[in-house]
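These protein sequence lines are chains W and E, in that order. For the first sequence, the working numbering assigns the number 1 to the initial residue and increments by one for each residue that follows. For the second sequence, the working numbering assigns the number 242 to the initial residue and increments by one for each residue that follows. Quick reminder that beta carbons are idealized off the backbone N, C-alpha and C, glycines included. Data first, discussion second: the structure below is written as structure tokens.
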Amino acid sequence: MELFDMLGFGEQGWGLTLLLATLLTVALTLCGLLVGAVFGALVAAAKLSSRRSLRNAGELYSTVFRGIPELLVIYLFYFGGSTLITAIGQWFGAEGFIATPPFLVGTLAVGMISGSYQAEVYRGAYLAVSQGELEAARAIGMPTLMLARRILMPQIFRLSLPGLGNVWQMSLKDSALISVTGLAELMRSTQIAAGSTRQYFTFYIVGGLLYLVLTAMSNQVFHRAEKRMNQSQRRSLAGGH
Amino acid sequence: MDFAFLLNTMGKLLTALPTTLGLFFLSMLFGGLLSLVIVAMRVSPIPALRWFARAYVLVFRGSPLLIQLFLIYYGLGQFDAVRESLFWIVLREPYACAVLALALCTAGYTAEIVRGGMLAVPHGQIEAGLATGMSRWMLLRRVIAPIALRHCLPAYSTELVLLVKSTALASLVTVWDVTGVAQQIIQRTYRTMEVFVCAAAIYLLLNFLLVRAAAMLERHLSPHLRKRPQTTSTPEPLASTLG
């Protein structure tokens, strides 16, 4: 088969499948990042807490999710989730095995792993906010919620953007591991295409290139966002940004 | 809790530990050596070499390790030329393919870490070395390498932890490492949590030892940054001795 037919959008082509799979990968990573933002914020808050038990809990979360292979975490969620759901199902009278939806498993796994890295990003950003500003806000009698909304959050968001860019890249690559659950994201679709055409080399190269395009594009997006967020910042006289 | 099952699982997982350790050490060794070659290219005066090194780092850091591994294991075997060549002895083994993929990938990350460390060497010190008539090689050995190594170490220990975690992917090309065996036991028994806890304990212990070793090496390499031990006798004030 000709290369262009194989990769094209015709009946024999895998172009559309791979393109849709790329979109699924982006969706998966995006959802994972959002889930991770929730976990990351909670863990960062726990680590910065004045209570020892909370600090230890935060530390434990980081150690576990940063020290264990991502693949094991995915297995835990995939097989563990199915066992749990099947048990609940049987309790309600359902029969047989109930599988967990792979997208949900993937989002949760990618999210909780990226949460452990995001926690460090947020913690660093919080510590970089100048204490004087917080004191000034308290001195003029701002309530805590307003202080968080007006002083803390905007700065934490700006300061954590470069770190979040790295976490995003990492999550994008972690999302490829969700292919073991059978979810037809980019990695899995590449595998299917390679297997059914027996053109392994070509399709893995194409799949790899699509991932490269994704990472390059997201780099651009984060670069622009950083530039935009830093508009209000004082620039050095030397120029550049 | 079923301790007999936990013990049995732990025993089975520990038999796979040498495979995981072998994957880790071999890919660390080859990846480390390769990264030095890439850094040398990255800072070389020849534009083509610099360009190649940049492309290498971009490709291997920008795509998932899994796809690199499958490209090497399944992709290369597709060609008759590869199958008939001398390399086939290596490339037909899943273990060797896993080491190759891990080494190629970690080399990309390590090269950037080493380059970062080299950029941190103060320019004045290099100039001082040149001014005293050191050759390029001696300058590298006596001035640049020791300083760069100290700067690299924290980031490199993080990279090594990531490498330990990456060895788990070898299980997807039928290498029976700790994760592969764990997955097999989970599929047979469906006791996910117990098996996960055992496997997790092994990886956490490995990473803990790794981080401790790196911290000890860092301490060993930077004696000048440590606090001076308190001397028991207070030295005489300078003025009185000169008196």
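For the alpha helix (DSSP H) that contains residue i, what are its first and last residues?
i      : result
R52/W  : R52 to G67
E325/E : D321 to E325
K468/E : No alpha helix (DSSP H) contains K468/E, which DSSP labels as neither H nor E.
R188/W : L186 to T197
A137/W : Q131 to A139
V35/W  : G15 to L48
T144/W : T144 to L147
A87/W  : E70 to W91
F487/E : This structure does not reach residue 487/E, given that chain E is present from 242 up to 484, and the question cannot be answered.
F157/W : M153 to D174
L317/E : That residue, L317/E, is in no alpha helix (DSSP H); it is neither H nor E in DSSP.
Using DSSP with H/G/I as helix, E/B as strand and the rest coil, what is residue i?
i      : result
A99/W  : coil
M375/E : coil
I287/E : coil
F203/W : helix
L209/W : helix
F9/W   : coil
S116/W : helix
L255/E : helix
S463/E : coil
V362/E : coil
A389/E : helix
Q233/W : coil
D243/E : coil
G182/W : coil
F328/E : coil
R302/E : helix
A94/W  : coil
G239/W : With a pLDDT of 46 at G239/W, under the threshold of 50, the predicted position of this residue should be treated as unreliable, and no value is reported.
E334/E : coil
A225/W : helix
G484/E : Bear in mind that the predicted position of G484/E carries a pLDDT of just 42, short of 50, making it too unreliable to give a figure here.
N249/E : helix
Any heavy atom of the ligand HEM inside 7 angstroms of the beta-carbon of residue i?
i      : result
L371/E : Among the components of this structure there are no ligands whatsoever, and the ligand HEM is therefore not found.
Inter-stretch contact at 8 angstroms, needing at least 3 Cβ pairs: the region 35-46 of chain W / the region 376-383 of chain E: no
Any alpha helix (DSSP H) of 4 or more consecutive residues that is wholly inside the region 408-451 of chain E: 419-430
Sufficient close CB pairs (3 or more, under 8 angstroms) joining the region 80-95 of chain W to the region 139-153 of chain W: no
Three or more C-beta pairs below 8 angstroms linking the region 325-332 of chain E and the region 196-211 of chain W: no
Inter-stretch contact (C-beta, 8 angstroms, three-pair minimum) for the region 274-288 of chain E and the region 158-166 of chain W: no
Cβ contact check for the region 95-114 of chain W and the region 65-72 of chain W: 3 or more pairs under 8 angstroms: yes
contact_flag[the region 392-407 of chain E, the region 44-56 of chain W] where n(CB pairs < 8 angstroms) is 3 or more: no
Touching by the beta-carbon criterion (3+ pairs, under 8 angstroms), the region 357-372 of chain E and the region 290-305 of chain E: no
Segment contact, 8 angstroms Cβ cut-off, at least three pairs: the region 94-110 of chain W with the region 446-462 of chain E: no
Inter-stretch contact (C-beta, 8 angstroms, three-pair minimum) for the region 336-356 of chain E and the region 298-306 of chain E: yes
Inter-stretch contact (C-beta, 8 angstroms, three-pair minimum) for the region 124-140 of chain W and the region 176-190 of chain W: no
Given 8 angstroms, three or more beta-carbon pairs between the region 389-398 of chain E and the region 31-40 of chain W: no
Stretch pair the region 15-34 of chain W + the region 163-176 of chain W: three plus CB contacts closer than 8 angstroms: yes
The region 69-80 of chain W / the region 438-453 of chain E touching (three or more Cβ pairs under 8 angstroms): yes
The region 188-207 of chain W in contact with the region 262-277 of chain E per 3-pair CB rule at 8 angstroms: no
Segment contact flag, the region 422-441 of chain E with the region 80-87 of chain W, C-beta cutoff 8 angstroms, min 3 pairs: yes
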